[in-house]
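As you go down the protein sequences, you meet chains A and B in turn. According to numbering that gives the first Met the number 0, the residues represented by the first sequence are 0 to 518, in order. According to numbering that gives the first Met the number 0, the residues represented by the second sequence are 0 to 131, in order. Quick reminder that beta carbons are idealized off the backbone N, C-alpha and C, glycines included. Here the structure is a predicted model, which means the values were calculated and not measured. The structure appears right after this line, and notes come after that.
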Amino acid sequence: MTAWDNDPVEAFQQGIQEFAQEFVGNPLYRRQFPKDPKIIHDPVWGTIKLEPWEITLLDLPLFQRLRQIRQTSLVSYVFPGCNHTRFEHTLGVMQQAQRLIDAVNAQHPSDKPRFESKTIRNLRLAAIFHDCGHSCFSHISEELYRSCSDMRAFFDANSIQCNPHEAFGALILTSGPVKDFIKEIEKQYDIELNAESAADWIAGKPTESGGMKAHYETQVINGPFDADKLDYIFRDAHYSGIPVGLDLDRLWASCKVETHNGDKVLTLHQASVAPLEQILFSKINLFAIVYQHPKVRAAERMFQAIIECAKKNPSQFNFTISGRQLDLNRATDYLWLTDETFFAEALGRQKDDPFHMRLHDIRYRRLFVRALTISNDTVDGACGDGYMQLRKLNQREPSTYEAKRELAAEILKTAGLENKIGVEQVWVDLPPDPSFSEADRTFVRTASDSLRKVSDLFPVHYWTELFQKHKWRGHVFCPQEYQQKIHEAALEVFKEQFGVKFKKSAGEASHVLKPKSTA
Amino acid sequence: MRMPMTAEDIIVGIFYHLRQADCEKVTADREILHRAFFKAKVDFPQVMKMFSFRQRELFPESVQLDQALSNLDATGLISRQNVTPRYYRFEQPLTTSYKRFSEKILDKAGIAEEDIRRVANEIQRLTSSNPQ
């Protein structure tokens, strides 16, 4: 009997240890400790300087594997330049964290910096580790392992509130093998590192002393305008070819630590809120144009279809990494996967093998097509009550996932295609809203020296509501050759199940040959 | 297909009962709403189990609550009026949505109507002390 059979929480913890042991603790992969600092040239930020201890960490397989994980999942199949990886992003976050720290320290006397050298080192440590918990295709796999029973049990048992990849990052950083390696680094370079603090910052928890919470430290890594957000917005926009304009100099120049209800928080001056608005507007644009592009969503569902099969039939798949046969019903086993190892599964298969074809359908861009577009523009306005029941399935819950899969099965059955294709070829895709809570988390210093939320001064949420009403699109996806039949069946099923009627535009927007209407 | 219960059904139930008590609107101030729902979860953990909260700098935030309000707004069950929208107004489809779907879904999930009414009273108390 394994720990997995007994106790999912124990199995989860054991899974973290095993991963950390292989990717950090394995002496086979160790290199000599470098003596000199290094300069790396980054296409987005230019020169990035790294200390020898940082290079030692970045050379570990734990971080080198991030070169094999694309930052923006399968976006590159639509925006071909978007091939940047989590590794580049990690370096960018270190750079942006340092700029934020320098900007805050510039507001203080040089002999009394707000961020002392020890804290700066630990913040850079957090920046290095902040995304090490990502698996293949970044956030799409996160959507899958977040519902694994071992992760859910661990989250429940420990009342964890952060995102799953953040939890992974924090747990890896505080695992035995990593702590042991950090001890070696401390000895080698005569420095002190605090893995616990860095892990707290990754998970969004502030450090506390004397009843005062130091939010400003956490906010460098996990805050409303943190280094992570600044890098990914710039980097994703740069590589997707969707230019954004962010006046970061103005943001830095106004950034200061203030006290709010006894806690220390990062603040901006009222006259410098524009860069934050630019960040939010750019984020809305990236979601509308890039991340939620229908073809991107279609490719992601194809990936999900393969993982779904691998979970149901583990024996039919061979995701073996470093001799470990992965079980994708375990959240921690996803850590071993990268984009490369995912696609490599096809290598050992014959070319007429169905899974070889499915993997290569993604790789060679034979993507699903839209059979129906679900939006405020395509749904008949008179059926709001039923439409809400359909749309609520965009909540991230195992039960809503199951409901969408049941709907897909119903559509397939109604289309009379059960003998032609499997249910994994039909998807009801209802993207969740992006979070735009930054305006409620950023404090602004007003002319009267009081602190207020950005949202008190400018109703940013109005933008997000407009996004939801006018930009949000759900879809039904399927293979090209069954588009017409699935289109007609989906119309029927949604009318039957929810009383939702669609206009002809639901098919027209999906380029269906003979679009129908139920309105 | 078995319709799952989500945060939307709980909120539709709460707003329906507020409407039954002659309340036509609720504040749209995000901080007040999230604080109120957080408090309601503390007091009524079973009814509010669909909501999880993350404590950030200022107040506890729930992604399920944000998503549900957005879905209700986008589908016309509630609405914000004017260019400075300070409250959500309950619209007619809210009632039909409750009667047609959410009432049965909540019942099947074992959530009593009386419990939803009590949560609605709590939400009203917590949000009306901050009139918009």
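Helix, strand or coil, according to DSSP, for residue i in the structure here?
i, result
"P130 (chain B)", "Since pLDDT at P130 (chain B) reaches only 43, below the 50 mark, its modelled position is unreliable, and no value is offered."
"F86 (chain A)", "helix"
"I47 (chain A)", "strand"
"M211 (chain A)", "strand"
"F32 (chain A)", "coil"
"S271 (chain A)", "helix"
"L17 (chain B)", "helix"
"Q95 (chain A)", "helix"
"F483 (chain A)", "Per the sequence shown, residue 483 (chain A) should be read as Gln rather than Phe. Note: Q483 (chain A) maps to helix in three-state DSSP."
"Y363 (chain A)", "coil"
"P60 (chain A)", "helix"
"K113 (chain A)", "First, the amino acid is wrong: residue 113 (chain A) is Arg here, not Lys. Residue state, collapsed to three classes: coil."
"K350 (chain A)", "coil"
"R29 (chain B)", "helix"
"R357 (chain A)", "helix"
"K48 (chain B)", "coil"
"G473 (chain A)", "strand"
"I190 (chain A)", "coil"
"E17 (chain A)", "helix"
"T517 (chain A)", "coil"
"R85 (chain B)", "coil"
"Q589 (chain A)", "The requested residue 589 (chain A) is not part of the displayed model; chain A covers only 0 to 518."
"M0 (chain A)", "With a pLDDT of only 45 at M0 (chain A), under 50, the local geometry of the prediction cannot be trusted, and no value is derived from it."
So residue i contacts chain B; which residues on that side make the cut at Cβ distance below 7 Å?
i, result
"G383 (chain A)", "T74, G75, L76, P92"
"K263 (chain A)", "Those do not exist, as K263 (chain A) stays about 10 Å from chain B at its closest Cβ, beyond 7 Å."
"P431 (chain A)", "Q66"
"H532 (chain A)", "Residue 532 (chain A) falls outside the range modelled here, since chain A spans only 0 to 518, and no answer is possible."
"R440 (chain A)", "R55, E56, L57"
"N375 (chain A)", "A73"
"S398 (chain A)", "P3"
Nearest by alpha-carbon distance to residue i: which of the options is it?
i, options, result
"D379 (chain A)", "A:F153, A:V499, A:E141", "A:V499"
"L122 (chain A)", "A:P430, A:A194, A:A343", "A:A194"
"Q19 (chain B)", "B:K98, B:V62, B:E7", "B:K98"
"F442 (chain A)", "A:K350, A:H259, A:C81", "A:H259"
"I184 (chain A)", "A:R323, A:F22, A:A152, A:K34", "A:K34"
"R53 (chain B)", "B:E102, B:N70, B:R34", "B:R34"
"L406 (chain A)", "A:V427, A:K391, A:P397", "A:V427"
"T55 (chain A)", "A:R30, A:D448, A:P79, A:Q70", "A:R30"
"D455 (chain A)", "A:Q269, A:A10, A:G175", "A:Q269"
"L371 (chain A)", "A:L490, A:A297, A:I15", "A:L490"
"Q66 (chain B)", "A:V475, A:H460, A:K282", "A:H460"
"S69 (chain B)", "A:S436, A:F497, A:A408, A:P7", "A:S436"
"E60 (chain B)", "B:D28, B:A111, B:F89, B:G12", "B:D28"
"M49 (chain B)", "A:D439, A:S208, A:P397", "A:P397"
"L143 (chain A)", "A:V425, A:D326, A:H474", "A:D326"
"Y15 (chain B)", "B:E121, B:T94, B:F36, B:R1", "B:T94"
"S253 (chain A)", "A:F224, A:S281, A:Q349", "A:F224"
"Q394 (chain A)", "B:K40, B:C22, B:L64", "B:L64"
"Q123 (chain B)", "B:C22, B:P3, B:M2", "B:C22"
List, in chain order, every chain A residue whose beta-carbon is nearer than 8 Å to that of residue i.
i, result
"T95 (chain B)", "D384"
"S127 (chain B)", "In chain order: nothing, as chain A lies at least about 20 Å away."
Which residues in chain B sit within 9 Å of residue i, going by Cβ to Cβ distance?
i, result
"E409 (chain A)", "M0"
"W426 (chain A)", "Under the 9 Å cutoff, chain B gives no residues; its nearest Cβ is about 15 Å from W426 (chain A)."
Strictly below 9 Å CB to CB, what residues from chain A border residue i?
i, result
"E7 (chain B)", "M387, Q388, R390, K391, Q394"
"E60 (chain B)", "S434, S436, D439, R440"
Quick one: which chain A residues come within Cβ less than 7 Å of residue i?
i, result
"F100 (chain B)", "D384, Q388"
"L71 (chain B)", "M387"
"Q63 (chain B)", "Q394"
Residue i versus chain B: which residues are under 8 Å apart at the beta carbon?
i, result
"A402 (chain A)", "M0, R1, M2, P3"
"E216 (chain A)", "Simply none; closest approach about 12 Å."
- [ ] Any chance you could list the alpha helix (DSSP H) runs of at least 4 consecutive residues sitting entirely within the stretch 434 to 460 of chain A, in chain order?
- [x] 437 to 440, 453 to 456
Task: Three or more C-beta pairs below 8 Å linking the stretch 60 to 76 of chain B and the stretch 376 to 392 of chain A - done: yes
Open item on the list: I'd like to know if the stretch 118 to 137 of chain A and the stretch 154 to 171 of chain A are in contact, where contact means that at least 3 CB-CB pairs between them fall below 8 Å.
Closed with: yes
Task: Validate contact between the stretch 201 to 219 of chain A and the stretch 252 to 268 of chain A using beta carbons, cut 8 Å, 3 pairs - done: yes
Open item on the list: Below 8 Å, how does it come out for the stretch 238 to 252 of chain A and the stretch 285 to 292 of chain A: are there three or more Cβ pairs, yes or no?
Closed with: yes
- [ ] Determine contact between the stretch 412 to 432 of chain A and the stretch 240 to 254 of chain A, defined as no fewer than three beta-carbon pairs at a distance below 8 Å.
- [x] no
- [ ] Let me know the alpha helix (DSSP H) ranges lying completely inside the stretch 161 to 186 of chain A, each 4 residues or longer, listed in chain order.
- [x] 163 to 172
Open item on the list: Pairs of beta-carbons, one from the stretch 481 to 497 of chain A and one from the stretch 507 to 516 of chain A, closer than 8 Å: are there three or more?
Closed with: yes
TODO: Kindly confirm or deny that the stretch 34 to 49 of chain A and the stretch 87 to 98 of chain A touch, where touching means at least three C-beta pairs closer than 8 Å.
DONE: yes
Task: Three or more C-beta pairs below 8 Å linking the stretch 6 to 16 of chain B and the stretch 437 to 451 of chain A - done: no
TODO: Could you name each continuous beta strand (DSSP E) segment of 3 residues or more that falls completely within the stretch 404 to 432 of chain A, going from the start of the chain to the end?
DONE: 426 to 428
- [ ] Determine, using beta-carbon pairs with one atom in the stretch 298 to 316 of chain A and one in the stretch 102 to 113 of chain A, whether at least three such pairs fall under 8 Å.
- [x] no
- [ ] State whether the stretch 345 to 364 of chain A contacts the stretch 462 to 473 of chain A, with contact taken as three or more CB pairs (one from each stretch) at a distance under 8 Å.
- [x] no
Open item on the list: Suppose only complete runs of 4+ residues qualify. What are the alpha helix (DSSP H) ranges in the stretch 218 to 283 of chain A, listed by chain order?
Closed with: 226 to 239, 247 to 253
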